[in-house]
Ligand SMILES: *Cc1c(COP(=O)(O)O)cnc(C)c1O
């Protein structure tokens, strides 16, 4: 999807100045757009107690997390550094949910210390809490989808191979164990996948979780107090894709829960989300500059960013829309847009029709507000770019500097540590 026209209108007056002032490449995030998405969430779920826990892995920048915290969002973390980021943004206690997998005792201790709402991904992880002697009063249990719909970018509903969640056949046992250990408040979590553009997978998730909630009530007398539907709300990366119907999801979920409440005579659970992509994804773009034009069997546009800034096209074959700010009246041509990595899949676009560009032109890659910089890596000594924030008042802040060589070498000691000859002879004697 092209960035919203409103974002493009806000970006246009500052784009060249920002490129001059800070240099390229950079991701730039649109504060106004993020506020609008937060408002849309609040409106869609006005009739259902809900909370959105932003998935920190989507955009782990403290400045951005503070903006989201200011909107009342909590944070979904799955590692110790993500917990640190959430705490640093001001999140305390159940403002944080910890949805990890293959979790170590040290990670659990870090989450416990912050009082985070812990999502148990496996019986083994519950065993670790028991061993630590620190089973909290409130726990959430991640349930493995038993049957699901197979759409979306990455799909977790395949019981044969999904590493996430407690199989439904083990759920009652682990919850009974939790009851014996003093857990009094229960939640259930399920995430079917990511990048869904229809509401159907989420309604299916609600149904599957309510089914398990009924079992827990019948067999253990547990009232499930909240259901966490995970992340996975998609955004239209391609121009002709539809937008996710958030308002429709809100009203469908509300209806389902109200019906369930009437049927079963118990209070309906609160609804939690852990969205990443939907909250910030469309509100960021990667601004690059053309460094080379190359003519081979195809025409190539070489830009000054690559997979270290955005690896979704290489990793998932994902489409990211590309525009040329100065390209309005130019004739188009069909090109591959490439970075500099020694990997032939370091391409932002293949055979894309774009306005003709020359060395020095700016090229804007869309929808990089989530899972973009955060996924970047340093293979080939390629460094990650800076991040900028376009404020609601039109000013631009740099919220992360670009990596430099010193960052790449930060884990090395120069000159290399060597054993001295006398150490070797001492060890031999
Ligand atoms: C990645 C992830 C999310 C966020 O996914 P989005 O597709 O960005 O919404 C939420 N919860 C968990 C457990 C995840 O692994």
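In full-length UniProt numbering, the protein residues as written are 1 to 429. All C-beta atoms in this analysis are idealised placements derived from N, C-alpha and C, irrespective of residue type, glycine included. Because the structure is a prediction, the values reported are computed rather than measured.
Span of the alpha helix (DSSP H) around residue i
i: residue 419; result: Here residue 419 belongs to no alpha helix (DSSP H), and DSSP marks it neither H nor E.
i: residue 270; result: Segment 270-273 is the beta strand (DSSP E) holding residue 270; no alpha helix (DSSP H) there.
i: residue 200; result: 200-220
i: residue 74; result: Here residue 74 belongs to no alpha helix (DSSP H); instead the beta strand (DSSP E) covers 74-77.
i: residue 67; result: 62-70
i: residue 127; result: 123-132
i: residue 171; result: 168-180
7 angstroms Cβ shell around residue i - same chain, five flanking residues per side excluded
i: residue 67; result: 31 and 34
i: residue 47; result: 254
i: residue 308; result: 376, 377, 378, 382, 383 and 384
i: residue 294; result: 300 and 302
i: residue 62; result: 85, 88 and 89
CA-to-CA distance, residue j to residue i, given in whole angstroms
i: residue 52; j: residue 75; result: 8 angstroms
i: residue 28; j: residue 127; result: 43 angstroms
i: residue 44; j: residue 23; result: 39 angstroms
i: residue 14; j: residue 392; result: 13 angstroms
i: residue 222; j: residue 262; result: 18 angstroms
i: residue 278; j: residue 344; result: 30 angstroms
i: residue 153; j: residue 236; result: Low confidence applies here, because residue 153 scores a pLDDT of 47, under 50, leaving its location unreliable and the question unanswered by this model.
i: residue 216; j: residue 239; result: 44 angstroms
i: residue 115; j: residue 93; result: 4 angstroms
i: residue 166; j: residue 298; result: 49 angstroms
i: residue 412; j: residue 5; result: 45 angstroms
i: residue 11; j: residue 396; result: 10 angstroms
i: residue 318; j: residue 144; result: 26 angstroms
i: residue 316; j: residue 335; result: 20 angstroms
i: residue 229; j: residue 267; result: 18 angstroms
i: residue 172; j: residue 212; result: 9 angstroms
i: residue 195; j: residue 276; result: 10 angstroms
i: residue 225; j: residue 269; result: 5 angstroms
i: residue 64; j: residue 95; result: 16 angstroms
i: residue 168; j: residue 358; result: 57 angstroms
i: residue 49; j: residue 265; result: 18 angstroms
i: residue 372; j: residue 327; result: 25 angstroms
i: residue 332; j: residue 99; result: 46 angstroms
i: residue 259; j: residue 201; result: 19 angstroms
Expected contact under 8 angstroms - CB spacing of residue i and residue j to nearest Å
i: residue 249; j: residue 199; result: 4 angstroms
i: residue 311; j: residue 360; result: So it is not a contact: roughly 25 angstroms between Cβ atoms.
i: residue 280; j: residue 370; result: 5 angstroms
i: residue 121; j: residue 186; result: About 15 angstroms; that fails the 8 angstroms criterion.
i: residue 303; j: residue 285; result: Wrong, their Cβ atoms sit about 13 angstroms apart, outside the cutoff.
i: residue 272; j: residue 227; result: 7 angstroms
i: residue 26; j: residue 390; result: With 8 angstroms as the limit, residue 26 and residue 390 do not qualify as a contact, their Cβ atoms being about 11 angstroms apart.
i: residue 118; j: residue 111; result: 6 angstroms
i: residue 257; j: residue 244; result: The Cβ separation is near 20 angstroms, so there is no contact.
i: residue 179; j: residue 220; result: 6 angstroms
i: residue 7; j: residue 283; result: 7 angstroms
i: residue 274; j: residue 55; result: 5 angstroms
i: residue 292; j: residue 341; result: About 14 angstroms; that fails the 8 angstroms criterion.
Where the beta strand (DSSP E) through residue i begins and ends
i: residue 141; result: 138-142
i: residue 224; result: 224-228
i: residue 105; result: Where residue 105 is concerned, there is no enclosing beta strand (DSSP E), although the alpha helix (DSSP H) it sits in stretches over 105-113.
i: residue 452; result: No answer is possible for residue 452: it lies beyond the span of the chain, which begins at 1 and ends at 429.
i: residue 51; result: 50-55
i: residue 83; result: No beta strand (DSSP E) contains residue 83, which is instead part of the alpha helix (DSSP H) from 80-88.
i: residue 188; result: 185-189
i: residue 118; result: 117-120
i: residue 96; result: 96-99
Cut-off 8 angstroms between Cβ atoms - residues of its own chain near residue i, not counting five sequence neighbours on either side
i: residue 322; result: 337, 348, 349, 352, 354, 363, 364, 365 and 366
i: residue 131; result: 105
i: residue 242; result: 197 and 236
i: residue 410; result: none
i: residue 124; result: none
i: residue 137; result: 182, 183, 184 and 185
i: residue 80; result: 106, 107 and 110
Cutoff 6 angstroms; reference residue i; Cβ partners in own chain excluding five residues on either side
i: residue 60; result: 85 and 374
i: residue 37; result: 279
i: residue 101; result: 121 and 164
i: residue 70; result: none
i: residue 247; result: 44
i: residue 142; result: 119, 121, 165 and 189
i: residue 41; result: 52
i: residue 422; result: none
Interface flag, residue i vs chain D, CB-CB below 8 angstroms
i: residue 21; result: In the structure shown, chain D does not exist; there is a single protein chain.
| request: Within the region 6-44, note down every full alpha helix (DSSP H) run reaching 4 residues or more, in order along the chain. | output: 31-44
| Which parts of the region 247-301 are runs of the alpha helix (DSSP H), unbroken and 4 residues or longer, counting only runs that do not cross its ends? | 277-280
| message | Quick check for students: name the residue ranges of the alpha helix (DSSP H) that lie wholly in the region 331-414, counting only runs of 4 or more. | response | 405-408
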